[in-house]
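Undergrad: Please read through the structure below; I'll follow up with questions.
In the UniProt record's numbering, the protein residues as written are 1 to 113.
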């Protein structure tokens, strides 16, 4: 599984990014969750403490993140940890964006594989 992460400021200037490859089979939900976790970790490593807006083209992850109900699955537990990590920032949210908006992250992911 390859993944790509980009961190930009308000003006679209790239502050950092990266990608990686995990050599194991994972579900689509787990792959997206891993990428989300890595993006939070990268933002923390870059000492970004202001307002954060995370974007994904995976609607299910956004729905699970915004669902306040109890999700007792493994993915649900990982998403809860991501919600807790949002406390590292002044404010943070996860939104859905069209796949075409993630061209750079997609390119990094494709080149990693």
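Cβ atoms here follow ideal geometry from the backbone N, Cα and C, with glycine treated the same way.
Would DSSP call residue 12 helix, strand or coil?
TA: The residue you call residue 12 lines up with position 12 of the chain shown. It is coil, neither helix nor strand.
Undergrad: Can you name, in chain order, every residue of its own chain whose Cβ lies under 6 Å from the Cβ of residue 44, other than the five neighbours on each side?
TA: Translated into the one-based positions of the chain shown, residue 44 becomes position 44. Counting only Cβ-Cβ distances below 6 Å, and skipping sequence neighbours, we find 88.
Undergrad: Counting along the chain, where does the beta strand (DSSP E) carrying residue 75 start and finish?
TA: As a first step, residue 75 must be located in the chain shown, where it is residue number 75. Element bounds for residue 75: not the beta strand (DSSP E) but the alpha helix (DSSP H), 74 to 85.
Undergrad: To the nearest angstrom, report how far apart residue 29 and residue 11 are at their CA atoms.
TA: Position 29 of the chain shown, counting from 1, holds the residue named residue 29. Position 11 of the chain shown, counting from 1, holds the residue named residue 11. Between residue 29 and residue 11, the C-alpha separation is close to 30 Å.
Undergrad: Output needed for residue 59: all residues of its chain with C-beta closer than 7 Å, excluding positions within five of it in sequence on either side, in chain order.
TA: Here residue 59 refers to the residue found at position 59 of the chain shown. Taken in chain order, the residues that qualify are 96.
Undergrad: Sorted by chain position, which residues of the same chain lie with C-beta nearer than 8 Å to residue 7's C-beta, five sequence neighbours on each side aside?
TA: Along the chain shown, one-based indexing puts residue 7 at 7. Cβ neighbours of residue 7 beyond the five flanking positions: 14, 15, 16, 17, 39, 42, 43, 46 and 48.
Undergrad: Are there 16 or more other CB atoms within 10 angstroms of the CB of residue 74, so buried, or fewer, so exposed?
TA: Counting from 1 along the chain shown, the entry for residue 74 is found at position 74. Exposed is the call here.
Undergrad: In this structure, what does DSSP give as the bridge partners for residue 32?
TA: What you label residue 32 is simply residue 32 of the chain shown in a count that begins at 1. BP columns for residue 32 are empty, so no partner.
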